[in-house]
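Notes for the one structure printed next.
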Amino acid sequence: MSLFWFRDSEYLRGARTVALDTSAAAYSLASSPLRAVEATDDYLQSRQSLREENARLRQENLVLKGRTQRLAAVLAENTRYKALLNSTAMLEGDVMVAEVIATAADPARHILVLDKGESQGVREGQPLLGADGLMGQIVQLGESTSRALLVTDAIHAVPVQVLRNGVRGIAEGTGDIDRLIVRHVATTTDIVVGDTLVTSGLGGRFPPGYPVAEVTAITAEPGAAFLTVTSRPMAQLDRGRHVMLVVDKPTIAVSADR
Amino acid sequence: MIGVNNGWVIASSLLVTLLFHAAPLPLEWRWFRPELVMLTLFYWSLALPHKVGIVSAAVTGLMVDVLNGSAVGALAMGMVVADVFILLNYQRIRQFDGLQQSITLAVLVALALLVEHWLMRAVGLGGTGLAFLWSVPLTLLCWLPLREILRGLRRQFEVL
């Protein structure tokens, strides 16, 4: 299977793009009955439930608006502090919303097929966000579709730090949709169950500060040099129709990195 | 008459099973999805070995690889290996009774999946143990009904 060795070659770029778009079309066709049912369901909602939902959303909106106001103030304050510390300001990432067409058929891989591609300005390595946290990154581009690798895929890893004290690590996917592990954490490290892991921005691929996972278990084998830290992804990786793509290139906010 | 042997029936049966392969399923159920594409290809290879051989197996495998987003060519290789076995033994396999045939086909599907995962591991893409073999039991149960359907199609459209 010589194709195997040329899978990253530039000459096959066109073929890859076409193959990806075609497969996305197949996925979209295969899930169309389900979508039709969902759409009918949506259409046939009663007036009562719509009003209730409307009221609920209005409330939620108010609460969120309140929080955003506070966020603006905090952000301004933060920028001032950053300026004092002489480090690069963290840019507020702009996002683009994409719809999930399907999840790829292979159960061993955690891949989403999205409805935005190169022509909409998606690029390889672009971070993918859910409502609650980081979901993954774009790995393959089609003309109008793309594929994203989720953080829980067995070949994915993301640099993280503990929100509480800034301890750094690398969260690796396990192939389980609800488990990430951080290896090589020294036994004396200050990390406890319930800690939030956020992206550290090291490596420059993911913008810093997005929540990734919550620590669920810490195992210390007697005699072992490192702890094994297990965590649960914050983002709802296996549900939801829409995801966000961070648009501008992440800036590295850690001044020590320069 | 040359050219009137209804090859499109083979192609469309494979396309339909490919769509079934892409159909949405909850994540936990996906491990048990029967390998209908492979069974369909193996059926045609058993019934018409002069027509459906390793090239068809490789092309079909590539399509599944692209759908899966996995290492391109891995499943194609697996399917070619299993199909060679069918091409060498089709006369014998045709004589088997239902149970024997189901088991043989299930083993061949497992073989193809194993080769795929070897290759995936070799390029660093695998990683969840032997769980991919969970699709084999349902595949075994699917063989007889699928064989009847495809045989019906073959006779209806006189695919030669």
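Residue numbers (my numbering), protein chains in the order written: chain A, 111 to 368; chain B, 15 to 174.
Even glycine gets a Cβ: it sits at the ideal position worked out from N, Cα and C.
### Message
If I follow the unbroken alpha helix (DSSP H) through Ile100/B, where does it start and stop?
### Response
Along the second sequence, one-based indexing puts residue 100/B at 86. For Ile100/B, the enclosing alpha helix (DSSP H) covers residues 88-109.
### Task
Measure from the C-beta of Ile16/B to each C-beta in chain A and report whether the shortest distance is under 7 Å.
To locate residue 16/B, count along the second sequence from 1; it is residue 2. With a pLDDT of only 46 at Ile16/B, under 50, the local geometry of the prediction cannot be trusted, and no value is derived from it.
#### Entry: Residue range of the unbroken alpha helix (DSSP H) whose run includes Phe56/B
Position 42 of the second sequence, counting from 1, holds the residue named residue 56/B. 50-61 is the extent of the alpha helix (DSSP H) around Phe56/B.
### Query
Considering only residues of the same chain and omitting the five flanking positions on each side of Asp97/B, which have a CB-CB separation below 6 Å?
Stepping through the second sequence from its first residue, residue 97/B is reached at position 83. Exclusion of the five residues before and after Asp97/B leaves Ser59, Ile68, Ala71 as the residues of its chain whose Cβ lies within less than 6 Å of its Cβ.
### Query
Which chain A residues are close to Ser27/B, counting only those with a beta carbon under 7 Å from its beta carbon?
Counted from its first residue, the second sequence places residue 27/B at position 13. For the C-beta of Ser27/B, not a single chain A residue is nearer than 7 Å; the gap to the nearest is close to 15 Å.
### Query
Thinking just about the alpha-carbon of each residue, which of Pro40/B, Gly138/B, Pro48/B is nearest to the one in Thr31/B?
If you number the second sequence from 1, residue 31/B lands on position 17. When only C-alpha atoms are compared, the closest one is Pro48/B.
### Query
Candidates Ile211/A, Gly252/A, His220/A: which alpha carbon is nearest Ser229/A's?
For the purposes of this step, residue 229/A is taken as residue 119 along the first sequence, with counting starting at 1. Checking every option, the nearest Cα to that of Ser229/A belongs to Gly252/A.
### Message
Runs of 4 residues minimum, wholly inside the region 235-268 of chain A: which ones carry the alpha helix (DSSP H) assignment?
### Response
If one requires a minimum length of 4 residues, no alpha helix (DSSP H) run lies completely within the region 235-268 of chain A.
### Message
Quick check on the burial criterion: 16 or more other C-beta atoms within 10 angstroms. Buried or exposed for Lys226/A?
### Response
As a working mapping, residue 226/A is identified with position 116 in the first sequence. By the neighbour-count rule (16 or more Cβ atoms within 10 Å), Lys226/A is buried.
### Task
Let me know if Val302/A comes out buried or exposed under the rule of 16 or more other beta-carbons within 10 Å of its beta-carbon.
Position 192 of the first sequence, counted from the start, is the residue given in the question as residue 302/A. With fewer than 16 Cβ atoms within 10 Å of its Cβ, Val302/A is classed as exposed.
### Query
Taking the DSSP output, what are the residues bridged to Gly279/A?
As a working mapping, residue 279/A is identified with position 169 in the first sequence. As computed with DSSP, Gly279/A is found in a beta bridge with Val270/A.
### Query
Got a sec: which bits of the region 60-82 of chain B sit with their beta carbon under 7 Å from any beta carbon on chain A, in order along the chain?
The region 60-82 of chain B vs chain A, Cβ under 7 Å: Val80, Leu81, Asn82.
### Task
Report the residues of the region 101-120 of chain B with a CB closer than 7 Å to any CB of chain A, ordered along the chain.
Listed by position, the residues of the region 101-120 of chain B near chain A (Cβ gap below 7 Å) amount to none.
#### Entry: Near-chain B residues of the region 140-170 of chain A - C-beta to any C-beta below 8 Å
So the close ones are Ala140, Ser141, Leu144.
### Query
Would you report the Cα separation of Val339/A and Ile265/A, rounded to the nearest angstrom?
Working through the first sequence from its first residue, we reach residue 339/A at position 229. Working through the first sequence from its first residue, we reach residue 265/A at position 155. Going from the Cα of Val339/A to the Cα of Ile265/A covers about 18 Å.
### Query
Using 7 Å as the limit for Cβ to Cβ distance, is Ser133/A near chain B?
Here residue 133/A corresponds to residue number 23 of the first sequence, with the count starting at 1. Output row for Ser133/A: interface = yes.
### Task
Name, please, each residue of chain A whose Cβ falls closer than 9 Å to the Cβ of Leu32/B.
Taking the first residue of the second sequence as 1, we reach residue 32/B at position 18. Here the neighbours are Ala136, Ala140.
### Task
Name the one or two DSSP bridge partners that Ile221/A has.
Locating residue 221/A in the first sequence gives position 111, where the first residue counts as 1. Leu259/A.
### Query
Where does Asp305/A land, buried or exposed, given buried means 16+ other C-beta within 10 angstroms?
Position 195 of the first sequence, counting from 1, holds the residue named residue 305/A. Under a 10 Å Cβ-count criterion, Asp305/A is classified as buried, with 16 or more other Cβ atoms of the shown protein chains found around its own Cβ.
### Query
List, in order along the chain, the chain A residues whose C-beta lies closer than 8 Å to that of Phe146/B?
As a position in the second sequence, residue 146/B is number 132, starting the count at 1. Against chain A, a Cβ distance below 8 Å from Phe146/B picks out Pro217, Ala218.
### Task
Taking only the alpha-carbon atoms, compute the straight-line gap between Leu50/B and Leu139/B and give it to the nearest angstrom.
For the purposes of this step, residue 50/B is taken as residue 36 along the second sequence, with counting starting at 1. For the purposes of this step, residue 139/B is taken as residue 125 along the second sequence, with counting starting at 1. The alpha-carbon atoms of Leu50/B and Leu139/B are separated by roughly 23 Å.
### Message
Are the CB atoms of Ala186/A and Leu222/A within a distance shorter than 7 Å?
### Response
Looking up residue 222/A in the first sequence gives position 112. Looking up residue 186/A in the first sequence gives position 76. In this structure, Leu222/A lies away from Ala186/A, with their beta-carbon atoms at least 7 Å apart.
### Query
What residues match up with Thr338/A in a beta bridge as DSSP calls it?
If you number the first sequence from 1, residue 338/A lands on position 228. Per DSSP, Thr329/A.
### Counted within 10 angstroms of its Cβ, other Cβ atoms place Ser341/A as buried (16 or more) or exposed
Here residue 341/A refers to the residue found at position 231 when the first sequence is read from its first residue. It counts as buried.
### Query
Arg293/A lies in the beta strand (DSSP E); which residues open and close that run?
Taking the first residue of the first sequence as position 1, residue 293/A is located at position 183. Following the DSSP letters along the chain, one finds Arg293/A inside the beta strand (DSSP E) bounded by residues 290-296.
### Task
Measure from the alpha carbon of Met344/A to the alpha carbon of each residue in Asp216/A, Thr150/A, Val356/A, Val308/A, then state which is nearest.
Translated into the one-based positions of the first sequence, residue 344/A becomes position 234. Measuring from the Cα of Met344/A, the nearest candidate turns out to be Val308/A.
### Query
Who are the Cβ neighbours of Asn19/B in its own chain at under 7 Å, not counting the five residues just before and after it?
For the purposes of this step, residue 19/B is taken as residue 5 along the second sequence, with counting starting at 1. Spatial neighbours of Asn19/B in its own chain (CB-CB distance under 7 Å, excluding positions within 5 residues in sequence) are listed in chain order as Val173, Leu174.
### Task
Anything in the region 37-61 of chain B with a Cβ closer than 7 Å to a Cβ of chain A? List those residues in chain order, please.
The region 37-61 of chain B vs chain A, Cβ under 7 Å: Ala37, Pro38, Leu41, Arg44, Trp45.
### Residues near Ala296/A in its chain [Cβ-Cβ closer than 7 Å; skip 5 each side]
For the purposes of this step, residue 296/A is taken as residue 186 along the first sequence, with counting starting at 1. Phe336.
#### Entry: Local conformation of Thr284/A per DSSP, three classes
Walking along the first sequence from the start, residue 284/A turns up at place 174. The DSSP-derived three-state label of Thr284/A is coil.
### Task
Whole angstroms is fine: what's the gap from Val23/B's alpha carbon to Ile163/B's?
As a first step, residue 23/B is located in the second sequence; it is residue number 9 there, counting from the start. As a first step, residue 163/B is located in the second sequence; it is residue number 149 there, counting from the start. The C-alpha of Val23/B lies about 12 Å from the C-alpha of Ile163/B.
#### Entry: Pair within 7 Å by beta-carbon distance, Thr153/B and Val123/B
Residue numbering aside, residue 153/B sits at position 139 when the second sequence is read from its first letter. Residue numbering aside, residue 123/B sits at position 109 when the second sequence is read from its first letter. Taking a C-beta distance under 7 Å as the contact criterion, Thr153/B and Val123/B qualify as a contact pair.
### Distance, Glu324/A Cα to Ala146/A Cα
On the first sequence, position 36 is the one that residue 146/A refers to. On the first sequence, position 214 is the one that residue 324/A refers to. Distance between the alpha carbons of Ala146/A and Glu324/A: 36 Å.
### Query
Per DSSP, which one or two residues make a beta bridge with Thr213/A?
As a working note, residue 213/A is residue 103 in the first sequence. Partner residues in the beta bridge of Thr213/A, as assigned by DSSP, are Leu222/A.
### Query
Relative to chain B, which residues along the region 335-354 of chain A have a C-beta separation below 8 Å, given in chain order?
The residues in question are Asp348.
#### Entry: Proximity of Pro38/B and Ala218/A at Cβ, strictly below 7 Å
Residue numbering aside, residue 38/B sits at position 24 when the second sequence is read from its first letter. Residue numbering aside, residue 218/A sits at position 108 when the first sequence is read from its first letter. Against a cut-off of 7 Å, the Cβ pair of Ala218/A and Pro38/B comes out as no contact.
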